[in-house]
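Quick note: the sequence shown uses my numbering, first residue 2, plus one each step. Step one of this worksheet: look at the structure below.
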Amino acid sequence: MTTATAAPANSLLDPDNHALILVDHQSQMAFATQSIDPAVLRNNTALVAKSAAGFKVPTVLTTVAEKSFSGPIFDEISEAFAGQPAIDRTTMNTWEDANVIAAVNAIGRDRIVFAGLWTSVCIVGPVLSALEQGFEVYVITDASGDISVEAHERAVQRMVQAGARPLTSLQYLLELQRDWARADTYALTTGIAKVNGGAYGIGINYATRMFGGSEGGH
């Protein structure tokens, strides 16, 4: 008989077991993104950036041809990681850039979470490369986007078939928190959710203001 224990799955993310790589959330890349509304994409990217920065997840920021073509990284990212420079590349596949790989190796974690633009090029490339080299890989699909729904969905399908694990931006935040008894990050988590958590954030605001309610009795 199998015995249950009060313990999380090893595959769940926590702040100490992964690194995050945000790829090419830039103006020119966003202009052509059609698989997700740009405003929703920016909101979800902000949620991910604030979550990683708040929980102190080691994060690599990378851009492609920033000054010559693709433009600046989203303000939501640069504000969350104030003072941290992005690594600018010429390669479409982030994993082929020596500076990015040096940053990944300096962090030294075997589990990597990706999000970025476009899914079928700048996310598929490093995801498949990292998987082949033995890393565990997760992809935040709603903080990524592509030139069409078809392109995005086929890219996600291809990565999942190769072994990547998909998740969403709000799922990422709540998986980092996971227990409302963790008082040190309770205000951080609900604060991010209030601003960027969509209907869930509206619900938190309502419960707090109407009758002082909170998750987990805080």
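Don't be surprised by glycine CBs; every beta carbon is placed ideally from N, CA and C.
Item, Value
"Coarse secondary structure for G117, derived from DSSP in three states", "strand"
"Inter-residue Cα distance where the pair is T4 and S12", "19 Å"
"Alpha-carbon to alpha-carbon, L174 and A107", "24 Å"
"Inter-residue Cα distance where the pair is K57 and P16", "7 Å"
"Start and end residues, beta strand (DSSP E) containing V140", "E137 to I141"
"Three-pair Cβ contact test at 8 Å for the stretch 159-173 versus the stretch 132-148", "yes"
"Simplified DSSP state of Q134, which is helix, strand or coil", "coil"
"Complete runs of the alpha helix (DSSP H) confined to the stretch 158-202 [at least 4 residues]", "170-178 and 187-197"
"Which listed residue (D180, H19 and A31) has its alpha carbon closest to that of A7", "D180"
"Coil, strand or helix - Q29 by DSSP", "helix"
"Own chain residues within Cβ distance below 8 Å of R155, not counting five before or after", "S121"
"As assigned by DSSP and simplified to three states, the class of D147", "coil"
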